[in-house]
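Protein chains in written order, with the working numbering: chain Z, 1 to 323; chain W, 1001 to 1323; chain G, 2001 to 2264; chain L, 3001 to 3264.
Input: a single structure, listed below in structure tokens.
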Amino acid sequence: MQNPVAESTTPVPRPDKTMTMRDAIAAFVPDGATVALEGFTHLIPTAAGHEIIRQGRKDLTVARMTADIVTDQLIAGGCVRKLVSSFVGNSTAGSLGELRRRIETGRPAPLEFEEYSHYGMICRYLAGAQRLPFYPLRSYGGSDVPAVNPGIRKVTSPFPGPDGEAEQIYVVPPLNPDVTIVHAQRADRAGNTQIWGLTGIQAEAVYAAKRAIIVVEEVVADEVIRSDPNRTVIPAHAVDAVVACPRGAHPAFAQGYYDRDGDFYRSWSHISKDPERLQAWLDEWIRGTRDHADYLEKLGDEHWSGLAVGEAWSEPVNYGRRL
Amino acid sequence: MQNPVAESTTPVPRPDKTMTMRDAIAAFVPDGATVALEGFTHLIPTAAGHEIIRQGRKDLTVARMTADIVTDQLIAGGCVRKLVSSFVGNSTAGSLGELRRRIETGRPAPLEFEEYSHYGMICRYLAGAQRLPFYPLRSYGGSDVPAVNPGIRKVTSPFPGPDGEAEQIYVVPPLNPDVTIVHAQRADRAGNTQIWGLTGIQAEAVYAAKRAIIVVEEVVADEVIRSDPNRTVIPAHAVDAVVACPRGAHPAFAQGYYDRDGDFYRSWSHISKDPERLQAWLDEWIRGTRDHADYLEKLGDEHWSGLAVGEAWSEPVNYGRRL
Amino acid sequence: MNAVSTSPTGSAVAVTSSELLAAVASRELAGKNTVFAGIGLPTLAVSLAQLTVAPGIEIVYESGVCGAHPSQLPETIADAVLITDSEAVLPMTALFGYVLQGGRIDVGFLGAAQIDRWGNLNSSVIGDWHAPKVRLPGSGGAMEVMANSGEVFVVMRRHDPRSFMSELDFCTSPGPDRALRDGIRPLGAGVTRVITDLGILARGGVGEELRLVATHPGVTVDQVRAATGWDLQAADELTTIEPPTAAELRLLREDVDPDRVYLR
Amino acid sequence: MNAVSTSPTGSAVAVTSSELLAAVASRELAGKNTVFAGIGLPTLAVSLAQLTVAPGIEIVYESGVCGAHPSQLPETIADAVLITDSEAVLPMTALFGYVLQGGRIDVGFLGAAQIDRWGNLNSSVIGDWHAPKVRLPGSGGAMEVMANSGEVFVVMRRHDPRSFMSELDFCTSPGPDRALRDGIRPLGAGVTRVITDLGILARGGVGEELRLVATHPGVTVDQVRAATGWDLQAADELTTIEPPTAAELRLLREDVDPDRVYLR
């Protein structure tokens, strides 16, 4: 039996998981990995995607419900072998030029594509997070999607349906990314992560993953997080790296921090339509910048002032304290 | 085609669902109904249970993960035919006298009991909330519980297990209560409900139900709820009645409002051990009080001052406003 | 479209296609409680319905926002202005699992590149899925909106045979008839209304084809048939759609979209 | 128990059964990251481990609280003092689905009325389930802690044949061997340590019985065998458990539970 020898009663230290973006991507995103990048329009981990391009990762399988600009950039950056997604489009602002070229023409290289619906992707993360062999859902009946995606199968319920007959339902398999990367407003150094506004599927995508990188607008003091533990969407024990990267969701928005860059979304359809222009853009804005701070400097303060937001503070709640 | 004639542009009115406890129970809890009362140690809908006893409901099926004091009172009150639960005990403070008598001796009347584990109950609510025919879970393998509960069955996964062989998993059926009753800190008049501290299974139990009654410490102005929409655990469209009933969770606690009445928990083992003493207690404290306000008056202000809590306010977050 | 209405200031202003479709769609929402809608025409229609035929109706957005009170007209379903001052923001699991699949949506609004006579929709590809002529965005939540909403309204700006097809290139979001043939019990009625620049097609539920039930003033049945890729049947009692009223137009132009973001 | 220790002030104070079990259990937590534990002995053990062999170890409570920093010793797993100042409060679906079933718990602590040689547990009934002599609380989350934790520690204050049984009256929470026989693939090792007032029983995982691996000073193998309802095997190299050290006792008495709420 082990014999403890500790003599001090200092407070239990919390692990410090803060890292630079460069180190986090280098450590947790190897070539060939399955990488989930989640964030539904809000808090998209764009800066992390850019760093993956800078480091020249290859043969990634990218899982992302709404495959939008950062996905198009990763594909154009030569990083992606396969895409797993439920929506491939530039939000409401137009097309993803590179993604469409790859799928429609197979040039400059084909892109493997696994198609789902949104809830199909959500259920894959739910199954992954819960170590379930499958997750049932009420859609897919009669769709052609299962015919092109053999991962979507049927199960017969052991309970009779409302008509007393056996009932069938579609199921999807678990998705367990090697690493999930999400962007959040704030976290403490141990990885307790708080998100407000659209919280999307971030928590489930993190729980489903073997590793998780949390990119945040701010690393905050433990006391800030602990003042509102219900706001913590992802607890520290599910997190491997915390990366401070302000404005790292651009051109997406971060509720309460900055607004969506609608002009950029609209411009992407044009940039990505022409492969040469797209590569020149990547060279200039991603490969030609050292890191996200450099990218931001290049964008300029004036650009950012146009995305500034005003104040709308939540009413605090009382957690109470025993008297 | 219909021809609208509205001429005014007043703001869209939100429905007002506030009711008295008496009216809410009378309207939504008929004899024979399946009633879910949820709240995990925190925010137990005790006052609603007492009103069910006052109104003399019969033959209810009560679903409650942690069947504790309010369940024992409902059983002793003659309201319950069947109990669906995953834990039948008086927290850490002892026994539920009436429940044990009913199950162990069948006196004064037998109690039908459907036994689950906590996650089994959670998955039943999840299936109910999602209109799924079943919900799979990784426990129950080798347990004797499925032998005494035919609702717990097996499904074969359509995906091979890690060894390449077919994989089996247990599933539970959906639970769709006729009405779910939960207690919360606050809601607006339309039923947007905010809970902090332990949030338990309240949201899923409400979504799974045909009707939902929300009992709150405070009905607050719309602006309070809207200042922090991420705090809304149950949205208005899932709610049928909002009942203002301060201190309605006693002897359980309401985070930030009042503390747990530990003495009452401990005393319950003694009260409930003796059937005559238990009926006398019901006569005095429940049947003998007009409503929860009367019950509170009987408890006295001094009793309540011992349960008062101090302040520990959350740090507000900025939701932002377009400039 | 050539309907003309008199503006509140008295001058005649041409009714745009968006105004027409929004006004017509809004009237179909009488008696409904919850709507799942995207930005643009569907939100215009619901906002107008809130001010006219369905005062209590609530929009649930695919981003998870319930009870939005936006300070400005939102640009996307996830616009920050939808979130601030809203009543609830739900995580995706609750939105898709409890609200949509849970059966709490009365009417879902959908668009599509292609629709067939049963109200099945294609939003995935033009051509063969494996080597598509055009890769479209795919389902998003459309498959779930179709499978789980009480009924589905489709608004199509252009009624033509390239969209109203006898055979879809690919079925992304199937109606209940296809689900049944696949051995899956459907939970909703599928598409019950298709509102276009020519008129309204309708069907009641399982086993029923879309039929022409109403046309805009001046549109003939033959015109609609020619614009439809299948042998479109017309109702015995075909009605003529009343153009947007002055009240509807005033509400749309002054209250719902005063900056004419979507009423272009 | 009759171990005696010297208090920091120099006077000899008898080591209580709680102190003994908490100290012994804490040593078993070296190298572990996450523990699922109830209030009482398990939390005392983990709190002591945080100050000794496992500084980074985190307790996850069945109520959903992670990273608690309570201002006072909590009375229940849901005590308000566990919530205020905690790092995260999870809804039940996340706690049981993502954390526990998701495989993020290294060690789960469980108690039970009855345990058998394979580490199967009964917390439902004494006697026949349909007409029990005693109705016990049931599983709570025990079935899930057993099925999903990496391994399970059981702390039993009283080692006697009524608890350590050859045949359980009812199996509430089965170990992996029973799961396998039921055709279900187990995810964890089941019970690996049973810490009692007589000693420590251990097993490695699937296919292994609990064996006596250590005894408290002065306890004989025959004594433990007599207190066990099955033919208990002992390890070849049986060790004697070192009584709580002065350092362990000081930490327990001065830092972990200075008011002696659980160290009774």
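Ideal Cβ placement from N, Cα and C applies to all residues, glycine included.
Remember, predicted model here, so these are calculated numbers, not experimental data.
Assigned with DSSP and collapsed to three states, N1090 of chain W falls in coil, not helix or strand. Close partners of A3094 of chain L in chain Z (Cβ separation under 8 Å): A203 and Y207.
With a cutoff of 9 Å on beta-carbon distance, L83 of chain Z and R64 of chain Z are scored as near each other. Within the region 1035-1046 of chain W, the residues whose Cβ lies closer than 8 Å to some Cβ of chain L are F1040, T1041 and H1042, listed in chain order.
Segment contact: the region 237-255 of chain Z against the region 210-228 of chain Z, three or more CB-CB distances shorter than 8 Å; contact assigned. Sixteen is the threshold: since fewer than 16 other Cβ atoms of the shown chains lie within 10 Å of the Cβ of G1306 of chain W, the residue is exposed. Residue pairing of G2127 of chain G in beta bridges, as defined by DSSP: G:P2132.
In the DSSP secondary-structure assignment, A212 of chain Z is bridged to Z:T180.
Following the DSSP letters along the chain, one finds T2084 of chain G in no alpha helix (DSSP H), marked with neither H nor E. For N192 of chain Z, the residues of chain L that pass the 9 Å Cβ criterion are C3066, G3067, E3087 and A3088, in the order they occur in the chain. For R1102 of chain W, the three-state secondary structure derived from DSSP is helix.
In this structure, DSSP gives F2164 of chain G an extended state, which the three-state scheme calls strand. Against chain L, a Cβ distance below 7 Å from G1089 of chain W picks out P3137. Residue environment analysis places S3071 of chain L among the exposed positions, since fewer than 16 neighbouring C-beta atoms fall within 10 angstroms of its C-beta. At least 9 Å separates the beta-carbon of I1181 of chain W from that of P3091 of chain L.
Uninterrupted beta strand (DSSP E) stretches at least 3 residues long and entirely within the region 2039-2064 of chain G occur at 2058-2060, given in chain order.
L1074 of chain W is outside the set of residues whose beta carbon lies under 9 Å from a beta carbon in chain L. Nearest Cα to V233 of chain Z within the set L:A3094, L:V3060 and L:S3017: L:A3094. When DSSP states are grouped into helix, strand and coil, N1230 of chain W belongs to the helix group. When the Cα atoms are used, G1300 of chain W and L1278 of chain W turn out to be separated by approximately 21 Å. Selection L:P3137, L:L3051, L:V3081 and L:G3038 evaluated against D1068 of chain W yields L:P3137 as nearest (Cα-Cα). Inside the region 1118-1166 of chain W, DSSP marks whole alpha helix (DSSP H) runs of 4 or more residues at positions 1118-1129 and 1145-1148, from first to last along the chain. Counting only Cβ-Cβ distances below 7 Å, A3179 of chain L has no contacts in chain Z at all, with the closest Cβ about 14 Å away.
Counting only the Cα atoms, L3100 of chain L lies some 16 Å from I3057 of chain L. Residue pairing from DSSP places S3173 of chain L in a beta bridge opposite L:L3121.
For I3083 of chain L, the closest Cβ of chain Z is nearer than 9 Å. In this model, V1062 of chain W and A236 of chain Z are separated by some 37 Å (Cα to Cα).
Residue range Q2233 to T2240 is occupied by the beta strand (DSSP E) that includes L2238 of chain G. S85 of chain Z sits in a strand when the DSSP states are folded into three classes. In chain order, P3244 and E3248 place their CB closer than 6 Å to the CB of A3023 of chain L, counting only its own chain and leaving out the 5 sequence neighbours on each side. The secondary-structure analysis by DSSP pairs W313 of chain Z across a beta bridge with W:N1318. Flagged as an interface residue toward chain G: R1321 of chain W, by a C-beta distance shorter than 9 Å. Flagged as an interface residue toward chain G: G262 of chain Z, by a C-beta distance shorter than 9 Å. Look at the region 293-323 of chain Z: the residues with a C-beta under 8 Å from a C-beta of chain G are V309 and A312.
Any Cβ of chain Z closer than 9 Å to the Cβ of Q2233 of chain G would place that residue at the interface, and such an atom is absent. Under the Cβ criterion (8 Å, minimum of three pairs), the region 1169-1181 of chain W counts as touching the region 1135-1144 of chain W.
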